[in-house]
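Chemist:
2 protein chains.
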Amino acid sequence: MPNTPALPSPEKHIAESTVRRLSLYLRVLDQAAARGLQTISSVVLAEEGGTTSAQVRKDLSFFGSFGKRGRGYDVAELVTALQDILGLGREWKVYIVGAGKIGSALVSYRGFSQRGFRVVGIYDNNPQMVGRMLDGVGIRSMAQLEHDAARELPDIAVLTVPAEHAQAVADRVVAAGIRAIMNFAPAPLHVPPSVTVKSVNMALELEGLAYALVRRDAGEPPR
Amino acid sequence: MPNTPALPSPEKHIAESTVRRLSLYLRVLDQAAARGLQTISSVVLAEEGGTTSAQVRKDLSFFGSFGKRGRGYDVAELVTALQDILGLGREWKVYIVGAGKIGSALVSYRGFSQRGFRVVGIYDNNPQMVGRMLDGVGIRSMAQLEHDAARELPDIAVLTVPAEHAQAVADRVVAAGIRAIMNFAPAPLHVPPSVTVKSVNMALELEGLAYALVRRDAGEPPR
DNA sequence: CATGGCTTGTGAAGAATTTCACAAGAACGC
DNA sequence: GCGTTCTTGTGAAATTCTTCACAAGCCATG
Numbered sequence: 040m041p042n043t044p045a046l047p048s049p050e051k052h053i054a055e056s057t058v059r060r061l062s063l064y065l066r067v068l069d070q071a072a073a074r075g076l077q078t079i080s081s082v083v084l085a086e087e088g089g090t091t092s093a094q095v096r097k098d099l100s101f102f103g104s105f106g107k108r109g110r111g112y113d114v115a116e117l118v119t120a121l122q123d124i125l126g127l128g129r130e131w132k133v134y135i136v137g138a139g140k141i142g143s144a145l146v147s148y149r150g151f152s153q154r155g156f157r158v159v160g161i162y163d164n165n166p167q168m169v170g171r172m173l174d175g176v177g178i179r180s181m182a183q184l185e186h187d188a189a190r191e192l193p194d195i196a197v198l199t200v201p202a203e204h205a206q207a208v209a210d211r212v213v214a215a216g217i218r219a220i221m222n223f224a225p226a227p228l229h230v231p232p233s234v235t236v237k238s239v240n241m242a243l244e245l246e247g248l249a250y251a252l253v254r255r256d257a258g259e260p261p262r
Numbered sequence: 040m041p042n043t044p045a046l047p048s049p050e051k052h053i054a055e056s057t058v059r060r061l062s063l064y065l066r067v068l069d070q071a072a073a074r075g076l077q078t079i080s081s082v083v084l085a086e087e088g089g090t091t092s093a094q095v096r097k098d099l100s101f102f103g104s105f106g107k108r109g110r111g112y113d114v115a116e117l118v119t120a121l122q123d124i125l126g127l128g129r130e131w132k133v134y135i136v137g138a139g140k141i142g143s144a145l146v147s148y149r150g151f152s153q154r155g156f157r158v159v160g161i162y163d164n165n166p167q168m169v170g171r172m173l174d175g176v177g178i179r180s181m182a183q184l185e186h187d188a189a190r191e192l193p194d195i196a197v198l199t200v201p202a203e204h205a206q207a208v209a210d211r212v213v214a215a216g217i218r219a220i221m222n223f224a225p226a227p228l229h230v231p232p233s234v235t236v237k238s239v240n241m242a243l244e245l246e247g248l249a250y251a252l253v254r255r256d257a258g259e260p261p262r
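This is the structure in structure tokens:
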């Protein structure tokens, strides 16, 4: 680590959009590394990531100086720095709550394991499901959740339950001490401020597309 | 339709964040209607939707006046207006490309059909898959995509293919005349400006959670 | 070791978005 | 009918986010 020591604790508040882009850059860098690139400039990083070079440099500047003027960024170095910033240097224990179609699909999602997110438990309230294995992980009864959590101390709960149960499950998960929730249910969750929630709402994205299509057809320019 | 006729063609450009919130309000309104509420104020709508009342009113004001001072918004009326704005008054034909775990799970996702998104075709390049049925829809060969699209004129393509094929598939989908893509592959897509892409990147959301967790532990306030 | 061509890092400017705050309208009780 | 209470719609202010533009640094070349 020759350069700035990738200090991952800036005083300022970092915008969520910035953090999202950092993840994106990481993905672009992976591709670049796979193609054998040693070095990458903010211009190229921006093109592949769908943003602007100034944005890339600004985003990175919040966390330190990672580039070399006249050269660009060392790919391997920047990967390490970004992983560090994003907290990907360690393993995160994940509970998946809801073993329906989406929950089951997520268990074997490679994007999770590749970044250190390990599914340690899957929960469902259907007794028919309990005991079965999904990709090497056993489905457990919802009744066990609090008990297991006290022992395993999971970091993140992924909620793939029906919308009408989402809030109740979230409450339990929070009470069990989990402080990060990824919510796939199409319902807004209310949690204490000490808990972070990210919602992935597919219906919402689709509706955004529908809006774009009707706007487009109505003749408004996209921007 | 007693009030402002829900004119869905404002001259100004509407921020994507606004459109997302409109979808969210629609969801809150559904719940409200289910609870038998006739009327809802911007304050309540905001609380349930996780935003502020001023934001709600501002968002709606871009499209017209839907409320009554002193009363709030008529739930049923606002639902209709929002559906209208978002282009949910019609049926949208959806192709799902990639019949892996996630693609298969999405076929039967209720959030799609509930809002008028109808899956008319599923595509996969695995010959073992082709011909099987998923929730009443047959899996077709990738080779057919362009041919079928010319006939069925699908509106939206949902991409659930591996990241390394995402761009190539996107190119085909665009060439086939589809102008809206929902991308589940963890790879940024490059498409002509006439095509709208929404990406749902679950790894990215998880990384956002990991970031929040390390920040939290490092003692920074969430906001 | 000087020169030229690139590219970063970053204040400052600009644009976009959110919040404030209040006038105006609607309903209700008396 | 009048006053009180509630709530919308919206300019203006505040804040947040993005883009600009350029000095400073690095590398290669001769």
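Note that the protein sequences, when read in sequence, are chains B and E.
Counting in our numbering, the final residue of the first sequence is number 262, and the numbers go up one at a time with none missing.
Counting in our numbering, the final residue of the second sequence is number 262, and the numbers go up one at a time with none missing.
Think of the CB as a built atom: it goes at the ideal place given N, C-alpha and C, for glycine as much as any other residue.
Under 8 Å, CB to CB, which of the residues in the segment 92-123 of chain E have a partner in chain B?
Modeler: Those residues of the segment 92-123 of chain E that come within reach of chain B (Cβ to Cβ, closer than 8 Å) do not exist; the list is empty.
Chemist: What does P227 of chain B touch in chain E if you count any residue whose Cβ is under 8 Å from its own?
Modeler: Here the question's residue 227 of chain B lines up with position 188 in the first sequence. Result: L63, R66, V67, E87, G88, G89.
Chemist: Compute the Euclidean distance between the alpha carbons of A71 of chain B and M241 of chain E, then round it to the nearest angstrom.
Modeler: Locating residue 71 of chain B in the first sequence gives position 32, where the first residue counts as 1. Locating residue 241 of chain E in the second sequence gives position 202, where the first residue counts as 1. Straight-line Cα distance between these residues: approximately 21 Å.
Chemist: Could you tell me which residues DSSP puts in a beta bridge with V179 of chain B?
Modeler: The sequence position of residue 179 of chain B within the first sequence is 140, counting from 1. Note on residue identity: the sequence assigns Arg, not Val, to residue 179 of chain B. According to DSSP, R179 of chain B bridges with B:Y162.
Chemist: Applying the 10 Å Cβ sphere with the 16-neighbour rule, what's the burial state of A224 of chain E?
Modeler: Locating residue 224 of chain E in the second sequence gives position 185, where the first residue counts as 1. A224 of chain E comes out buried.
Chemist: Which same chain residues, not among the five before or five after L65 of chain B, have their C-beta less than 6 Å away from its C-beta?
Modeler: Reading the first sequence from its first residue, position 26 is the one you call residue 65 of chain B. Hits under 6 Å: L121.
Chemist: With DSSP collapsed to three states, give me the class of R157 of chain E.
Modeler: Taking the second sequence and counting its residues from 1, one reaches residue 157 of chain E at position 118. Correct three-state label for R157 of chain E: strand.
Chemist: Using a Cβ-Cβ cutoff of 7 Å, what residues of the segment 122-139 of chain B are near chain E? List them in chain order.
Modeler: The segment 122-139 of chain B vs chain E, Cβ under 7 Å: L125, G126, L127, W131.
Chemist: Given 8 Å as the limit, is there contact between the segment 196-203 of chain B and the segment 131-146 of chain B, that is, 3 or more CB pairs closer than that?
Modeler: Yes, they touch.
Chemist: Against chain E, with Cβ distances strictly below 7 Å, would T199 of chain B count as a contact?
Modeler: To locate residue 199 of chain B, count along the first sequence from 1; it is residue 160. Cβ-Cβ to chain E under 7 Å: no for T199 of chain B.
Chemist: Taking Cβ positions, are E244 of chain B and K132 of chain E nearer each other than 7 Å?
Modeler: Counted from its first residue, the first sequence places residue 244 of chain B at position 205. Counted from its first residue, the second sequence places residue 132 of chain E at position 93. Not a contact, by the Cβ cut-off of 7 Å.
Chemist: Under DSSP, the beta strand (DSSP E) around Y134 of chain B begins and ends at which residues?
Modeler: As a position in the first sequence, residue 134 of chain B is number 95, starting the count at 1. 131-136 is the extent of the beta strand (DSSP E) around Y134 of chain B.
Chemist: Kindly provide the ranges of any beta strand (DSSP E) runs that are 3 or more residues long and lie completely inside the segment 67-135 of chain E, ordered along the chain.
Modeler: Counting whole runs of 3 or more residues, the segment 67-135 of chain E contains the beta strand (DSSP E) stretches 111-113.
Chemist: For a cutoff of 7 Å on Cβ pairs, would you count N42 of chain E as touching chain B?
Modeler: Reading the second sequence from its first residue, position 3 is the one you call residue 42 of chain E. Confidence in N42 of chain E is poor, its pLDDT being 40 and thus under 50, which makes the residue's placement unreliable; the coordinate value appears in the next sentence. Judged by the 7 Å Cβ criterion, N42 of chain E is not in contact with chain B.
Chemist: So with CB distances below 7 Å, who are the chain E contacts of R157 of chain B?
Modeler: Taking the first sequence and counting its residues from 1, the one referred to as residue 157 of chain B is at position 118. Neighbours of R157 of chain B on chain E: none; closest Cβ ~11 Å, over 7 Å.
Chemist: If we ignore side chains and look at the alpha-carbon of each, how far apart do V169 of chain E and Y162 of chain E end up?
Modeler: Locating residue 169 of chain E in the second sequence gives position 130, where the first residue counts as 1. Locating residue 162 of chain E in the second sequence gives position 123, where the first residue counts as 1. Cα to Cα, V169 of chain E sits roughly 8 Å from Y162 of chain E.
Chemist: Our contact map puts V58 of chain B next to S81 of chain B with C-beta atoms below 8 Å; I'd like the distance itself, whole angstroms only.
Modeler: Mapped onto the first sequence, residue 58 of chain B falls at position 19. Mapped onto the first sequence, residue 81 of chain B falls at position 42. Not confirmed; about 18 Å, so no contact.
Chemist: From the DSSP output, in three-state form, read off L51 of chain E for me.
Modeler: In the second sequence, residue 51 of chain E corresponds to position 12, counting from 1. Looking at the sequence itself, residue 51 of chain E is Lys, so the reference to Leu does not match. In the structure shown, K51 of chain E sits in coil (DSSP, three-state: anything other than H, G, I, E or B).
Chemist: Spatial neighbours of T78 of chain B within its chain, please: C-beta separation below 7 Å, excluding the five flanking residues on both sides.
Modeler: The residue you call residue 78 of chain B lines up with position 39 of the first sequence. Only R110, G111, Y112, D113, V114 meet the Cβ criterion.
Chemist: If the cut is a Cβ gap below 9 Å, which residues of chain B does G150 of chain E touch?
Modeler: Residue numbering aside, residue 150 of chain E sits at position 111 when the second sequence is read from its first letter. Per Cβ cutoff of 9 Å: A202, P225, N240, M241, A242, L243, L245.
Chemist: Please tell me whether A45 of chain B has its Cβ less than 7 Å away from any Cβ of chain E.
Modeler: Taking the first residue of the first sequence as 1, we reach residue 45 of chain B at position 6. Note that A45 of chain B has pLDDT 44, beneath the 50 cutoff, so the model's placement of it is unreliable and the number below is only indicative. A45 of chain B does not count as touching chain E.
Chemist: By Cβ distance below 6 Å, which residues in the same chain neighbour N164 of chain B in space, the five residues on each side in sequence not counted?
Modeler: Stepping through the first sequence from its first residue, residue 164 of chain B is reached at position 125. So the list reads M181, once near-sequence residues are dropped.
Chemist: Verify the CB distance criterion: does Y250 of chain B have a CB-CB separation below 7 Å to chain E?
Modeler: In the first sequence, the residue the question calls residue 250 of chain B occupies position 211. For Y250 of chain B, the answer is yes, since a Cβ of chain E falls inside 7 Å of its Cβ.
Chemist: Quick check on DSSP: helix, strand or coil for S147 of chain B?
Modeler: Counting from one through the first sequence, the residue named residue 147 of chain B turns up at place 108. Note: S147 of chain B maps to coil in three-state DSSP.
Chemist: I want to verify the contact list: residues of chain E whose CB lies under 8 Å from the CB of E55 of chain B, in sequence order.
Modeler: Residue mapping note: residue 55 of chain B aligns to position 16 of the first sequence, counting from 1. In chain order: G247.
Chemist: May I ask you to list the residues that DSSP assigns as paired with K299 of chain B?
Modeler: Past the edges of chain B, shown from 40 to 262, lies residue 299 of chain B, and the structure says nothing about it.
Chemist: At the 7 Å Cβ level, is I79 of chain B part of the contact set with chain E, yes or no?
Modeler: Mapped onto the first sequence, residue 79 of chain B falls at position 40. Not one chain E Cβ lies under 7 Å of I79 of chain B.
Chemist: Does the segment 147-161 of chain E touch the segment 170-177 of chain E, meaning 3 or more C-beta pairs lie closer than 8 Å?
Modeler: Result yes; three or more Cβ-Cβ pairs closer than 8 Å.
Chemist: Indicate whether the contact test is met: 3 or more Cβ pairs, each with one atom in the segment 208-225 of chain B and one in the segment 123-137 of chain E, closer than 8 Å.
Modeler: With a cut-off of 8 Å, the segment 123-137 of chain E and the segment 208-225 of chain B do not count as touching, because too few Cβ pairs lie within range.
Chemist: How is V169 of chain B classed by DSSP in three states: helix, strand or coil?
Modeler: On the first sequence, residue 169 of chain B is found 130 positions in, with the first residue counted as 1. Coil, per DSSP.
Chemist: Who are the near neighbours of V17 of chain E in its chain, counting only those whose CB is closer than 8 Å to its CB and skipping five residues on each side?
Modeler: In this structure chain E extends from 40 to 262, so residue 17 of chain E is not present and cannot be described.
Chemist: Assuming A209 of chain E and L228 of chain E form a contact by the criterion Cβ under 8 Å, report the distance between their Cβ atoms to the nearest whole angstrom.
Modeler: Position 170 of the second sequence, counting from 1, holds the residue named residue 209 of chain E. Position 189 of the second sequence, counting from 1, holds the residue named residue 228 of chain E. Contact flag correct, Cβ pair sits at about 5 Å.
Chemist: Can you confirm whether K51 of chain B, when its beta carbon is compared against all beta carbons of chain E, has any partner nearer than 7 Å?
Modeler: Here residue 51 of chain B is taken as the residue at index 12 of the first sequence, counted from 1. Taking Cβ atoms only, chain E never reaches closer than 7 Å to K51 of chain B, which makes this a no.
Chemist: List the endpoints of the continuous beta strand (DSSP E) containing V197 of chain B.
Modeler: Working through the first sequence from its first residue, we reach residue 197 of chain B at position 158. Counting along the chain, the beta strand (DSSP E) containing V197 of chain B begins and ends at 195-198.
Chemist: If you measure from the beta carbon of V58 of chain B to each beta carbon in chain E, is any gap under 7 Å?
Modeler: What you label residue 58 of chain B is simply residue 19 of the first sequence in a count that begins at 1. Yes, because at least one Cβ of chain E sits closer than 7 Å to the Cβ of V58 of chain B.
Chemist: Which stretch, first to last residue, makes up the alpha helix (DSSP H) that contains L184 of chain B?
Modeler: Against the first sequence, residue 184 of chain B aligns to sequence position 145. That run of the alpha helix (DSSP H) goes 184-191.
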